[in-house]
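Reviewing the structure listed below.
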Amino acid sequence: MAHFKITGGTPLHGVVAASGSKNAALPMMAAALLADGPVRLQGVPRLDDVDTLSLVLRELGMHVGRHGDDELLLETIDPTPTRARYELVRRMRASFCVLGPLLARRGRAVVSLPGGCNIGDRPVDLHLKGLAALGAGLRLRRGYVVAEAPRLRGATIDLVGPRGPTVTGTANVLTAAVLAKGTTVIGGAAVEPEIVDLGNFLNALGARIEGLGTSTLRIDGVKQLGGTTHRVIPDRIEAATLLLAAAITRGSATVRDAVPDHLTAVLDALRTAGFQIELGDDRVTISAPGRPRPLAITARPYPGVPTDVQAQWTALLCLAPGRSTVQDTVFAHRFLHVAELNRLGARIEHRNATAAITGVDHFTAAQVTASDLRASAALVLAGLAAEGETTVRRVHHLDRGYERLDEKLGRLGARIERRETAITA
Ligand code: UD1
């Protein structure tokens, strides 16, 4: 297990590239199960989550190979396996995205329920509701979903849940519907850029999906899909994290290979906080002359500020003079970083899905422990701004979803070292 030693206080400067999107690549890899030809995905980041899903897909009879730095080749070798086991699905919830494609292409899927995770209760009822509407027979057996349907049938489905749309639920139902007989209409679909990218990828395979980027998707089922080559969109969460890292250190940095349109809510909030933002076609530059202004941020489904940058915003606003609030309407319990940020000298109270922040002058270095992917990023950001040497433990959470974040921050001048943690430590 690894930890980071961060010597804070150096403003970040320079240019860094965003990697391909984790949350776009994962459902696309799962959707490759549908294809009857080879699938080349370009811009696939090197992440533990990508490795985990590669293992799941290999056990499902696929060849998954890396070519060069960022290309993944996926091809079905043996179309008979149908089981995705608990040991892998519990490691990464997005593995559950194999359910729709497996069921649609192979007529049967036995996929472990993912269980809870550190950001709270994450049900999959909407995934199952959607697949049932397409005619799947569903049973729960010993912690697994057993889904069966010789051929799915198109249907009209409302996927909206109590806290808005579901991203991977939309992916699961969409990927199942592309091979269903007849037309499917999904209402309350997620409009995240990752879902649009998934839909574009499926259309390139031969699917017939309309309405991408709106909350109503219309899918005319086809009998078969071919192969394709597709480049995954840039990771907007990573890009936002890098911009917030420059902001918290009062530096200036350019994130290239990004899509500024995907970052609108984050960039608006950064401007309101007093930072200067310049946009290019595929890049964003931030200049942070001083501390942020206090702000009220609410994380919402796209096009709102993403819940996946809620923790990083919480870290940044700790240094704003005055009172700020950060509310999360998507995951009410995603606040494990609050106690750790307070160990670094922050003054945050967490109540009712909201972090109420009283700004402090600076963070003070300490040892902190990462609890989940985005909380880890928040602790790294705080460490970059802290006076002295901060240790962030359990950074394997970070490696799940950020491609070499320590190296990218290092290229911007951060003093950050990765070290192996002794077993007894
Ligand atoms: C995806 C992202 C994750 C991001 C989240 C919200 C991937 C691989 N992960 O997760 O990084 O934080 O979207 O943008 O893309 N819900 C239900 N029933 C369901 C499904 C969801 O009630 O069947 C609720 C959830 O508890 C949550 C909300 O709906 O409150 C949104 O969750 P969802 O969009 O499904 O998150 P994920 O797709 O798991």
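Position 204 of the sequence shown, counting from 1, maps to 627 under our numbering, and the rest follow consecutively.
Glycine included, each C-beta is placed from N, C-alpha and C at the ideal position.
1. For the beta strand (DSSP E) containing Met485, name the first residue and the last one.
2. Is the beta carbon of Val439 closer than 8 Å to that of Leu835?
3. Under 8 Å: do the stretch 647-654 and the stretch 447-463 share three or more Cβ pairs, one atom per stretch?
4. At a cut-off of 7 Å, is Gly587 close to the ligand UD1 when judged by its beta-carbon and the heavy atoms of the ligand?
5. Grab me the residues of Gly824's own chain with a C-beta within less than 7 Å of its C-beta, minus the 5 sequence neighbours each way, in chain order.
6. Kindly indicate which residue of Thr598, Ile839 and Ala719 has the alpha-carbon position closest to the one of Leu575.
7. Quick test of the definition: if touching needs 3 or more C-beta pairs under 8 Å, does the stretch 675-686 touch the stretch 707-723?
8. Leaving out five residues on either side along the sequence, give the residues of the same chain with a beta carbon under 7 Å from the beta carbon of Ala848.
9. Please confirm whether Pro502 and Ala453 have their CB atoms less than 8 Å apart.
10. Within 10 angstroms of its Cβ, does Leu499 collect 16 or more other Cβ (buried), or is it exposed?
11. Rounded to whole angstroms, what's the CA-CA distance from Leu718 to Ala559? Just pull it up for me.
12. Return yes when the C-beta of Asn446 is under 7 Å from any heavy atom of the ligand UD1, and no when it is not.
13. According to DSSP, is Thr792 helix, strand or coil?
14. Going by beta carbon distance, what residues of the same chain come within less than 7 Å of Pro729, once the five residues before and after it are set aside?
15. Is DSSP giving Ala848 helix, strand or coil here?
16. Tell me which residues share the same chain as Arg694 and place their Cβ nearer than 6 Å to its Cβ, disregarding the 5 neighbours each side in the sequence.
17. Assign Leu536 to one of three DSSP states: helix, strand, or coil.
18. Any chance you could list the beta strand (DSSP E) runs of at least 3 consecutive residues sitting entirely within the stretch 702-733, in chain order?
19. Here's the rule: buried if 16 or more other CB atoms are within 10 angstroms of the residue's CB, otherwise exposed. What is Asn595?
20. Taking the Cβ atom as the reference point for each residue, do Gly605 and Gly634 lie within a distance shorter than 8 Å?
21. Closer than 8 Å is the cut-off here; do at least three beta carbon pairs connect the stretch 541-557 with the stretch 743-758?
22. Do Glu482 and Gly530 have their CB atoms nearer than 8 Å?
23. Is the stretch 620-639 touching the stretch 424-436 in the sense that three or more CB pairs, one from each, lie closer than 8 Å?
24. Return the CA-CA distance between Ala670 and Pro715, expressed in angstroms with no decimal places.
25. Return the CA-CA distance between Glu510 and Gly437, expressed in angstroms with no decimal places.
26. If I follow the unbroken alpha helix (DSSP H) through Gly833, where does it start and stop?
27. Is Ala613 near the ligand UD1, judged by its Cβ being under 7 Å from some heavy atom?
28. Compute the Euclidean distance between the alpha carbons of Val614 and Val569, then round it to the nearest angstrom.
29. Could you name the residues that DSSP lists as bridge partners for Ser747?
30. How many Å lie between His760 and Gly587 at the Cα?
31. Run the CB neighbour count on Gly592, radius 10 Å, all protein chains shown included, and call it buried at 16 or more, exposed below.
32. CB of Thr591 to nearest heavy atom of the ligand UD1: below 7 Å?
Here's the rundown:
1. Met485 to His490
2. yes
3. yes
4. yes
5. Lys445, Leu470, Asp472 and Leu796
6. Thr598
7. When Cβ pairs closer than 8 Å are counted between the two stretches, the stretch 675-686 is seen to touch the stretch 707-723, the count reaching three or more.
8. Residue placement at Ala848 cannot be trusted, given a pLDDT of 48 that sits under 50; the coordinates are not used to answer.
9. no
10. Checking the displayed sequence, the identity of residue 499 turns out to be Thr instead of Leu. Buried is the call here.
11. One C-alpha to the other measures close to 47 Å.
12. yes
13. strand
14. Once the five neighbours on either side are set aside, the close Cβ partners of Pro729 are Ile660 and Ala722.
15. The predicted position of Ala848 is uncertain, since its pLDDT is 48 and thus under 50; no value can be drawn from it.
16. Ile700
17. Of the three classes helix, strand and coil, the one that applies to Leu536 here is coil, per DSSP.
18. 706-710 and 719-722
19. buried
20. Contact flag unset, no.
21. yes
22. no
23. The stretch 424-436 is not in contact with the stretch 620-639.
24. 8 Å
25. 41 Å
26. Leu828 to Arg834
27. yes
28. If I take the Cα positions, the gap works out to 28 Å.
29. Ile780
30. 24 Å
31. buried
32. Result yes, Cβ under 7 Å from the ligand UD1.
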